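S.K.: Below is one structure. I have some questions about it.
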Amino acid sequence: MKVYVAKRLLALLPTVIGVITLVFFMLRLAPGDPVQLLIPPDLPRAMEEEALEEARARYGLDQPLYTQYYIYLSKMMRLDFGRSIRQNTLITEDLRHRIPMTLQLGIVSMVLWILFGVSVGVISAVNRGNWIDSTAMFFALAGVSMPSFWLGLLLMLVFGLHLGILPPSGYGGPIWTWEGLRHAILPLITLSVGAAGLARYTRSTMLDVINEDYIRTARSKGLRERIVIYKHALRNALIPVVTILGMNFGYILGGAVIVEMIFAWPGVGRYLLSGIYSRDYPVVQAGVLMIATCFVLANLATDLVYGVIDPRIRYD
25 MKVYVAKRLL ALLPTVIGVI TLVFFMLRLA PGDPVQLLIP PDLPRAMEEE
75 ALEEARARYG LDQPLYTQYY IYLSKMMRLD FGRSIRQNTL ITEDLRHRIP
125 MTLQLGIVSM VLWILFGVSV GVISAVNRGN WIDSTAMFFA LAGVSMPSFW
175 LGLLLMLVFG LHLGILPPSG YGGPIWTWEG LRHAILPLIT LSVGAAGLAR
225 YTRSTMLDVI NEDYIRTARS KGLRERIVIY KHALRNALIP VVTILGMNFG
275 YILGGAVIVE MIFAWPGVGR YLLSGIYSRD YPVVQAGVLM IATCFVLANL
325 ATDLVYGVID PRIRYD
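Okay, so the sequence shown: first residue is 25 according to my numbering, each after it adds one.
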């Protein structure tokens, strides 16, 4: 197992380097100058060019592109993200405060995905064709069709402004405190609507498994229906479901950009989007690196979970 994990981590390293390299060159080839935002608008024209040159030299943007890329990769290897051009703060410190906030939303919303998505999918498959199945799939289809930005704004409008029972946006503290939970409810609901797609997928895989011969054999032995469904059918149907969960877990942990921006949640996604708006190269590069790392680690964790679900899978 240790050898397998080590090999996978080495194999994932080129993927991460490829992503951050692509972002590096795309940012610098895009039109616009990030240091232009640092120049006061009332600065005399004669002094503006001198101020621009000084700002470019301060952040190393006056050097050739290959030199910038070498320095950039060297710092990335040391996890030195530099300073924000716009805010002049250490990016490492900014991420240290923002990553736990994104983790709070990501982990809790993933638990909700598993609880509701898998449970509803199993119940719908077991009750195929009756009103329970139709009702569950109706709401699942509505959830899949609902854009997260629209749902977030709708929840803010109804529960935050009209009813006034929940804060419409902002961060109220750790999610395990009452005030923090009140602020997190609406973002969690918005993120968890993706469980509707998981429910549809779970139902589809469960229906494939329920019709297999070994399920009929288990029933013919007189096993209780609950044991047949959860011990035999669900376990064999979980591998494709875990794949979907792993992909979405990487997305959520990387920072649900739209949700964090709508609800003014101070996480990695909002930090990355603010860097894109202000063309803050170091912030965007660090944010993309964090998201890419979350994706590849989530994929690795998904592969390891396969062996737990199906003992036939071995990592030799």
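Even for Gly, the Cβ is constructed at its ideal location relative to N, Cα and C. Every value quoted in this text rests on a predicted model; they were computed, and no experiment measured them.
Return the first residue and the last residue of the alpha helix (DSSP H) that D327 is part of.
M.R.: Position 303 of the sequence shown holds residue 327. Element bounds for D327: Y305 to I333.
S.K.: Can the beta-carbon of L215 be found closer than 8 Å to that of A280?
M.R.: The count along the sequence shown starts at 1 and reaches residue 215 at position 191. The count along the sequence shown starts at 1 and reaches residue 280 at position 256. In contact: L215 and A280 (Cβ atoms closer than 8 Å).
S.K.: Looking at S108: is its Cβ nearer than 8 Å to the Cβ of V307?
M.R.: On the sequence shown, residue 108 is found 84 positions in, with the first residue counted as 1. On the sequence shown, residue 307 is found 283 positions in, with the first residue counted as 1. A contact, by the Cβ cut-off of 8 Å.
S.K.: How would you call Q60, buried or exposed, if buried means at least 16 neighbouring beta carbons within 10 angstroms?
M.R.: Indexing the sequence shown from 1 puts residue 60 at position 36. By the neighbour-count rule (16 or more Cβ atoms within 10 Å), Q60 is not buried but exposed.
S.K.: Return the chain-ordered ranges of every alpha helix (DSSP H) run that is complete within the segment 53 to 139 and spans a minimum of 4 residues.
M.R.: Correct list: 69 to 82, 89 to 101 and 115 to 136.
S.K.: Count Cβ pairs between the segment 244 to 260 and the segment 215 to 225 that sit closer than 8 Å; are there 3 or more?
M.R.: No, because fewer than three Cβ pairs between the segment 244 to 260 and the segment 215 to 225 fall closer than 8 Å, the two stretches do not touch.
S.K.: Can you tell which of P198, P55 and I209 has its C-alpha closest to the C-alpha of L179?
M.R.: Residue numbering aside, residue 179 sits at position 155 when the sequence shown is read from its first letter. For L179, the nearest C-alpha among the options comes from I209.
S.K.: Just how far apart, CA to CA, sit I331 and L262?
M.R.: In the sequence shown, counting from the first residue as 1, residue 331 sits at position 307. In the sequence shown, counting from the first residue as 1, residue 262 sits at position 238. Just to set this straight, residue 331 is Gly in the shown sequence, not Ile. Going by the C-alpha atoms only, they are around 12 Å apart.
S.K.: Express the C-alpha separation of M285 and L297 in angstroms, rounding to a whole number.
M.R.: Here residue 297 refers to the residue found at position 273 when the sequence shown is read from its first residue. Here residue 285 refers to the residue found at position 261 when the sequence shown is read from its first residue. The straight-line gap from Cα to Cα measures roughly 8 Å.
S.K.: Which runs of the alpha helix (DSSP H), 4 residues or longer, sit entirely within the segment 185 to 216?
M.R.: List check, alpha helix (DSSP H) in window: 202 to 216.
S.K.: Please determine, among N112, L37 and Y90, the residue with the shortest C-alpha to C-alpha distance to S302.
M.R.: Walking along the sequence shown from the start, residue 302 turns up at place 278. It is N112 whose Cα lies nearest to the Cα of S302.
S.K.: Is the beta carbon of A223 closer than 8 Å to that of S133?
M.R.: Mapped onto the sequence shown, residue 133 falls at position 109. Mapped onto the sequence shown, residue 223 falls at position 199. No; because the gap between Cβ atoms is not below 8 Å, this pair is not in contact.
S.K.: Alpha carbon to alpha carbon, how far is L258 from K245? Give it in angstroms, no decimals.
M.R.: Taking the sequence shown and counting its residues from 1, one reaches residue 245 at position 221. Taking the sequence shown and counting its residues from 1, one reaches residue 258 at position 234. Answer to the nearest angstrom: the Cα atoms are 18 Å apart.
S.K.: Whole angstroms is fine: what's the gap from L165's alpha carbon to I156's?
M.R.: Counting from 1 along the sequence shown, the entry for residue 165 is found at position 141. Counting from 1 along the sequence shown, the entry for residue 156 is found at position 132. So the alpha carbons of these two residues sit roughly 14 Å apart.
S.K.: Which residues in the same chain have their Cβ closer than 6 Å to the Cβ of L33, if we skip the five residues on either side of it in sequence?
M.R.: Residue numbering aside, residue 33 sits at position 9 when the sequence shown is read from its first letter. Contacts found: none.
S.K.: Which residues mark the beginning and the end of the alpha helix (DSSP H) in which A164 is found?
M.R.: Mapped onto the sequence shown, residue 164 falls at position 140. First-last of the alpha helix (DSSP H) with A164: W155 to S169.
S.K.: Kindly indicate which three-state DSSP category R224 falls into: helix, strand or coil?
M.R.: The count along the sequence shown starts at 1 and reaches residue 224 at position 200. Of the three classes helix, strand and coil, the one that applies to R224 here is helix, per DSSP.
S.K.: On the criterion of 16 or more Cβ atoms from any shown chain inside 10 Å, does I273 qualify as buried, or is it exposed?
M.R.: Walking along the sequence shown from the start, residue 273 turns up at place 249. The sequence given here places Phe at residue 273; Ile does not occur at that position. Under this definition F273 is a buried residue.
S.K.: So, helix, strand or coil for L247, using DSSP?
M.R.: Here the question's residue 247 lines up with position 223 in the sequence shown. L247: coil per DSSP, three-state reduction.
S.K.: Quick check on the DSSP output: the alpha helix (DSSP H) that includes A280 runs from which residue to which?
M.R.: Sequence index remark: in the sequence shown, residue 280 carries index 256 (1-based). No alpha helix (DSSP H) contains A280, which DSSP labels as neither H nor E.
S.K.: Do you know offhand how far P211's Cα is from G291's?
M.R.: Here the question's residue 211 lines up with position 187 in the sequence shown. Here the question's residue 291 lines up with position 267 in the sequence shown. So the two alpha carbons sit approximately 12 Å from each other.
S.K.: Work out the CA separation of V283 and L89 for me, nearest whole Å.
M.R.: Position 65 of the sequence shown, counted from the start, is the residue given in the question as residue 89. Position 259 of the sequence shown, counted from the start, is the residue given in the question as residue 283. Straight-line Cα distance between these residues: approximately 35 Å.
S.K.: Would you decide whether D118 is buried or exposed? Buried here means 16 or more other CB atoms lie within 10 Å of its CB.
M.R.: As a first step, residue 118 must be located in the sequence shown, where it is residue number 94. By the neighbour-count rule (16 or more Cβ atoms within 10 Å), D118 is buried.
S.K.: If we call anything under 8 Å between Cβ atoms a contact, is V320 one with V27?
M.R.: Counting from 1 along the sequence shown, the entry for residue 320 is found at position 296. Counting from 1 along the sequence shown, the entry for residue 27 is found at position 3. Their beta carbons are not under 8 Å apart, which means V320 does not touch V27 by this criterion.
S.K.: CB-CB under 6 Å to R110, same chain, minus the five flanking residues each way: which ones, in chain order?
M.R.: Position 86 of the sequence shown, counted from the start, is the residue given in the question as residue 110. Correct list, in chain order: S302 and D304.
S.K.: Take F49 as the anchor and find which of E77, E78 and Y94 has the nearest alpha-carbon.
M.R.: Counting from one through the sequence shown, the residue named residue 49 turns up at place 25. Comparing Cα positions, the closest option is Y94.
S.K.: CB-CB under 6 Å to R227, same chain, minus the five flanking residues each way: which ones, in chain order?
M.R.: Counting from 1 along the sequence shown, the entry for residue 227 is found at position 203. Closer than 6 Å at the Cβ level, and outside the excluded window around R227, lie G145, S148 and A149.
S.K.: Are the Cβ atoms of M168 and G106 separated by less than 8 Å?
M.R.: On the sequence shown, position 144 is the one that residue 168 refers to. On the sequence shown, position 82 is the one that residue 106 refers to. The sequence as given places Val at residue 168; Met does not occur at that position. No.
S.K.: Are there 16 or more other CB atoms within 10 angstroms of the CB of I189, so buried, or fewer, so exposed?
M.R.: One-based indexing of the sequence shown puts residue 189 at position 165. Exposed, by the Cβ-count rule.
S.K.: Quick one: what does DSSP say N151 is sitting in, helix, strand or coil?
M.R.: Reading the sequence shown from its first residue, position 127 is the one you call residue 151. It is coil, neither helix nor strand.
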